[in-house]
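Shown next, in structure tokens, is the structure this report addresses.
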DNA sequence: CAGTATGGATAGTGGTGCTCTCCACTATTG
DNA sequence: CAATAGTGGAGAGCACCACTATCCATACTG
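Chains as they are written, first to last, in our numbering: chain A, 716 to 927; chain B, 716 to 927.
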């Protein structure tokens, strides 16, 4: 398969594919001569994955490159990917109030301790969670109740996520499933949550099912 | 309070505040003379909210403006906000394969029907959910099981979300809580989910709690 | 053998979220 | 009562990011 066919199959313009090749999001095709290369199904798959991580996951190119590099490691391990690469896909920000952030960190540490979660201490996810907790405080919202209930529910979500990962055949498939499930799962959960919120709100504040 | 104090209190640079004023993210201060204005606590609150929606929620300026405009409507109604304004905060994309997208839409319609969710038919959240379902299909992942379990769990999440909204004192507070809870809630859930995934993975694939 | 496609490289583009500069004017300080 | 600093407002400029366009020597295609 040459680049034009790869482009047609995936719907990604040829210049964009070239750009991804330059950026290391896509491995180079097998060179048959100095300026001819062949691409195969793996390139199609990878390209689709990149597009989905970009469009749905809204991950920056650099993050996607790191994630794919992790997937392509010689000794790929699902737990490693879940523990090291995927945490980089949650955003961080520089919070204004250091004291508030430290309090939020302490709150997250407490949560992790009480739940007995086996989460590495330097985990970026802790940082991210603390930042969100601090953000709630900064806009004057009390996140306390939400935090406990959310923790309950994400535990169950994670069980299904890991089941989703485990069901994939080989190790490579599991890595793929871990990435896809985590990134797309966020978006799926967000969309479903909005619908469930609308439904719950309809039940709560007078039902207007005129267009449902 | 003048602009310098507003800037110091919130940590937002003065030129950025001026930019937000131009963009309509922040209402103008009360003019005391042609080139002097006074700002108050409401500006501080609003500015913090804007920063949090930008930094944590990663919403575009235009979306934030629309959201805040909705909050400032004369007859603010929580269900309206949850049903109209907040759905705009989930992304959309132009999918390559129309047939796949239509199948995904049908799947989402079925889900909504089976759950009896009262969700408006044209809802943007449906579009978004369908896009994610199509994305799963596009990368060759079977979302079927995940979908049912996620639907179960977001129903419970939404119950807590609405409780979070209801607990806020007045109507204005509830609108604020709905926005904050929805947007920041997404990020909080994502961060907690990553931690729960790491924990679940640690339990599943050999426990290495050396640094937990 | 004419015309199109290719890999590779470099430069340019459009959108976004600021940031800088300027201006006439106002407030504050010594 | 200066001198200095700060202000609202408006326009231009900037940095980053994800592309997109152009060019070239070479290779495939009809």
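Each residue gets a CB set at the ideal place from its N, CA and C atoms; glycine is no exception.
Going by DSSP, what residue range makes up the beta strand (DSSP E) through residue i?
| i | result |
| --- | --- |
| residue 752/B | 751–753 |
| residue 745/A | 745–748 |
Could you round the C-beta distance between residue i and residue j to whole angstroms and report it? I think they count as a contact, below 8 Å.
| i | j | result |
| --- | --- | --- |
| residue 834/B | residue 919/A | Contact doesn't hold; Cβ gap of about 14 Å is too wide. |
| residue 781/B | residue 803/B | 6 Å |
| residue 866/B | residue 826/B | 6 Å |
| residue 871/B | residue 869/A | With a Cβ gap of about 11 Å, residue 871/B and residue 869/A do not count as contacting. |
| residue 771/A | residue 823/B | Rounded, the Cβ-Cβ distance is 15 Å, inconsistent with contact. |
| residue 889/B | residue 793/B | 5 Å |
| residue 914/B | residue 873/A | 7 Å |
Within the 8 Å Cβ cut-off, does residue i reach chain B?
| i | result |
| --- | --- |
| residue 860/A | yes |
| residue 716/A | no |
| residue 781/A | no |
| residue 755/A | no |
| residue 818/A | no |
| residue 902/A | yes |
| residue 771/A | yes |
| residue 840/A | yes |
| residue 887/A | no |
| residue 729/A | no |
| residue 927/A | Per-residue confidence for residue 927/A stands at a pLDDT of 40, beneath the threshold of 50, marking its modelled position as unreliable; no derived number is given. |
| residue 732/A | no |
Could you pull the start and end residues of the alpha helix (DSSP H) that residue i belongs to?
| i | result |
| --- | --- |
| residue 887/A | 886–919 |
| residue 757/B | 756–770 |
| residue 849/B | 839–853 |
| residue 810/A | Here residue 810/A belongs to no alpha helix (DSSP H), and DSSP marks it neither H nor E. |
| residue 724/B | 718–725 |
| residue 876/B | 859–882 |
| residue 777/A | 776–786 |
| residue 730/A | 729–738 |
Closest by CA to residue i, which one among the options?
| i | options | result |
| --- | --- | --- |
| residue 897/A | 764/A, 741/A and 720/A | 764/A |
| residue 900/A | 860/B, 871/B and 882/B | 860/B |
| residue 818/A | 749/A, 798/A, 904/A and 850/A | 850/A |
| residue 812/B | 876/B, 841/B, 854/B and 908/B | 854/B |
| residue 862/A | 829/A, 799/A, 739/A and 904/A | 829/A |
| residue 807/B | 785/A, 912/A, 905/A and 914/A | 905/A |
| residue 840/A | 871/B, 912/B and 891/B | 912/B |
| residue 917/B | 832/A, 718/A and 914/A | 832/A |
| residue 734/A | 845/A, 762/A and 747/A | 762/A |
| residue 738/A | 771/A, 778/A, 718/A and 746/A | 778/A |
| residue 845/A | 885/B, 902/B and 847/B | 902/B |
| residue 856/A | 742/B, 791/B, 895/B and 793/B | 895/B |
| residue 690/B | 747/B, 791/B, 746/B and 750/B | Outside the shown range of chain B (716 to 927) lies residue 690/B, about which nothing can therefore be said. |
Would you say residue i lies against chain A (beta-carbon separation less than 8 Å)?
| i | result |
| --- | --- |
| residue 828/B | no |
| residue 870/B | yes |
| residue 715/B | Residue 715/B lies beyond the residue range present for chain B, which begins at 716 and ends at 927; the question has no answer from this structure. |
| residue 774/B | no |
| residue 884/B | no |
| residue 815/B | no |
| residue 790/B | no |
| residue 720/B | no |
| residue 822/B | no |
| residue 777/B | no |
| residue 924/B | Note that residue 924/B has pLDDT 48, beneath the 50 cutoff, so the model's placement of it is unreliable and no number is given. |
| residue 748/B | no |
| residue 801/B | yes |
| residue 915/B | yes |
| residue 737/B | no |
| residue 912/B | yes |
| residue 787/B | no |
Once you ignore the five residues that flank residue i on each side, which residues in its own chain have a CB closer than 7 Å to its CB?
| i | result |
| --- | --- |
| residue 759/A | 721, 724 and 725 |
| residue 716/A | 753, 754 and 755 |
| residue 926/B | Annotation note: pLDDT 45 at residue 926/B (below 50); position unreliable, coordinate value reported separately. Here the set comprises nothing. |
| residue 736/A | 743 |
| residue 727/A | 762 and 766 |
Output needed for residue i: all residues of its chain with C-beta closer than 6 Å, excluding positions within five of it in sequence on either side, in chain order.
| i | result |
| --- | --- |
| residue 744/B | 752, 753 and 754 |
| residue 785/B | 796 and 800 |
| residue 816/B | 810 and 849 |
| residue 876/B | 896 |
| residue 746/A | 752 |
| residue 821/A | none |
Between residue i and the rest of its own chain, which residues show a CB-CB distance below 8 Å, the 5 nearest in sequence each way excluded?
| i | result |
| --- | --- |
| residue 774/A | 768, 782, 804 and 898 |
| residue 718/B | 729, 732, 733, 744, 752 and 754 |
| residue 852/B | 815, 818, 819 and 858 |
| residue 798/A | 835 and 838 |
| residue 741/B | 732, 735, 758, 761, 762 and 765 |
| residue 776/A | 738, 740 and 769 |
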